[in-house]
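K.L.:
Using UniProt numbering, the first residue of the sequence shown is number 1, and each one after it goes up by one.
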Amino acid sequence: MVANLCVVALPINFQMMTEIRHDPVAPTRTQHLPSGAMIDAHRHDDHQIIYAGRGVLAITTSAGSWVTPGTNAIWVPAGTVHAHQAHGDLDLHLVGLPTTDNPLGLDAPTVLGVSPLLRELIIAYTRNPDEDGGAERARMRAVLLDQLRASPRQPVHLPTPTAPLLRAVCGILQENPADGRTLVELGRQVGASGRTLSRLFRNDLGMTFPQWRTQLRLQHALVLLADKQPVTAVAHRCGWASASAFIDAFRRTFGHTPGTHPGR
């Protein structure tokens with residue numbers, strides 16, 4: 001399925017899906033996906049590292065969504081049901097690892113910072129996986145795992161709400177991330193007090209309402225930037241009061257400005 005989409009991929013309700021593919025072995029390969037292409041929900045018996053060398057990748061699970069640019073990779077533990085969507089033409093690099101290889105000891109999907117060295121290792125390791133590299137490939141794999149151990153974790157997860165009232169509020173904002181209403185004002189629409197919703201954000205999602213909304217807007221911004229939208233337009237469409245406020249929030253999270261973002 002290919003489409004030119006400019007929306008953040010929403011968390012998938014896996015409970016309503018009748019079929020989830022089971023691919024026991026997580027592949028190691030390089031794969032090109034055109035903008036808007038999707039890989040449906042599936043799971044592996046292996047761990048997997050997923051890296052977008054070009055473009056922006058949205059990954060969804062029952063627990064939430066992650067949008068990963070070229071400065072990040074995502075660790076997907078064995079057994080995790082997940083789906084992918086490409087924003088911008090995507091060069092997807094996949095590294096499958098047996099369950100015995102878990103260099104960070106992670107049991108939940110996690111976004112990791114990718115250094116220049118780790119980027120080149122992932123690209124080289126996934127380029128021709130079927131060729132017998134022997135000892136050289138084994139050494140490359142060992143260095144890749146060492147670099148993963150040194151990778152910083154990135155707080156760019158957008159968790160999925162479970163409380164019905166919270167799902168209603170989050171759904172409104174996912175439809176329009178630029179909606180600037182306060183939690184009290186949104187509460188009037190869904191029939192809940194601002195205090196109740198604030199408590200639900202902390203208890204259900206482990207973050208405050210402003211933190212969740214900022215994460216949503218940053219994810220949406222990554223998708224729009226992948227579609228080559230101007231920085232000022234992205235700031236406006238994502239709800240920031242000014243381009244400078246957007247640039248500051250983006251730099252604090254990703255370490256560089258949106259104008260220098262990979263894939264622009």
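Cβ coordinates follow ideal geometry from the N, Cα and C atoms, glycine included.
Nothing here was measured: the structure is a model prediction, and the numbers come from that model.
Should D23 be labelled buried (16 or more other beta-carbon atoms within 10 Å of its own) or exposed?
P.N.:
Exposed, by the Cβ-count rule.
K.L.:
Can you check which of these residues, V81, G70, T60, G259, is closest to P159 by C-alpha distance?
P.N.:
Taking only the C-alpha atoms, the option nearest P159 is T60.
K.L.:
Quick check on DSSP: helix, strand or coil for D40?
P.N.:
It is a strand residue.
K.L.:
If you reduce the DSSP assignment to three classes, tell me which class H261 lands in.
P.N.:
H261: coil per DSSP, three-state reduction.
K.L.:
Mapping the DSSP letters down to three states, classify G242 as helix, strand or coil.
P.N.:
Strictly speaking, residue 242 in this sequence is Ser, with Gly absent from that position. S242 falls in the coil class under three-state DSSP.
K.L.:
Find the nearest neighbour of D46 within the set D40, A78, G53, judged by alpha-carbon distance.
P.N.:
Here the closest residue by C-alpha is A78.
K.L.:
Buried or exposed for residue 275, going by 16 or more other Cβ atoms inside 10 Å?
P.N.:
Residue 275 lies beyond the residue range present for the chain, which begins at 1 and ends at 264; the question has no answer from this structure.
K.L.:
Please report the distance separating the alpha-carbon of R237 from that of I123.
P.N.:
If I take the Cα positions, the gap works out to 33 Å.
K.L.:
Roughly how many whole angstroms lie between the Cα atoms of G187 and R252?
P.N.:
Rounded to the nearest angstrom, the two C-alpha atoms are 30 Å apart.
K.L.:
Determine the DSSP secondary structure at G55, reduced to helix, strand or coil.
P.N.:
Strand, per DSSP.
K.L.:
What does the alpha-carbon distance come out to for the pair Q48 and I74?
P.N.:
Computed Cα separation, rounded: 8 Å.
K.L.:
Would you verify that the beta carbon of L112 is, or is not, closer than 8 Å to some beta carbon of chain D?
P.N.:
No chain D appears in this structure, which consists of one protein chain only.
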